[in-house]
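**Student:** Would you mind keeping the following structure in view while I ask a few things?
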Amino acid sequence: MRKKSKTKRPGKVQKIIKHPDPKEPEKAEIIVEGAEELYREIRIENALENEQGEQVKLKPGAQVEVVVEAEEKDTIPKNQQT
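For the sequence shown, the working numbering begins at 1 and goes up steadily by one.
Dropping the structure here:
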């Protein structure tokens, strides 16, 4: 198994956004703590899977973790310039 570099940031579901077209999925707007002011909101499809494999959704106010992962080949040491 390959190792990945990763970081975790806490977040909170700000609101659930329903699409005007009922065939389209709703979105969860998440505020990412520690992100820059203009970029701290992300929207993802509100569809998760629990440990039993059942489909579940996030609720407004839910505390979440936002994880960013990258393959080792796609990273460089912090003190090296790009």
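Positions of the beta carbon are idealized from the N, C-alpha and C atoms, including for glycine.
#1: DSSP three-state label for glutamate 37, please.
#2: Please look up how many angstroms separate the CB atoms of glutamate 45 and proline 22, rounded, as I've assumed it's under 8 Å.
#3: Three or more C-beta pairs closer than 8 Å, one from the segment 72-79 and one from the segment 9-18: is that the case here?
#4: With burial defined as no fewer than 16 other Cβ atoms inside 10 Å of the residue's Cβ, what is the status of alanine 28: buried or exposed?
#5: Skipping 5 residues on each side, what residues in its chain have a beta carbon closer than 6 Å to that of arginine 40?
**Tutor:** Here's the rundown:
#1: Residue numbering aside, residue 37 sits at position 37 when the sequence shown is read from its first letter. Glutamate 37: helix per DSSP, three-state reduction.
#2: On the sequence shown, residue 45 is found 45 positions in, with the first residue counted as 1. On the sequence shown, residue 22 is found 22 positions in, with the first residue counted as 1. Not quite, the Cβ-Cβ distance comes to about 15 Å (not below 8 Å), so this is no contact.
#3: In short, these stretches do not touch, since the Cβ pair count stays below three.
#4: The residue you call residue 28 lines up with position 28 of the sequence shown. Around the beta-carbon of alanine 28, 16 or more other beta-carbon atoms lie within 10 Å, marking it buried.
#5: Numbered from 1 along the sequence shown, position 40 holds the residue referred to as residue 40. Same-chain partners within the cutoff: Ile31 and Val32.
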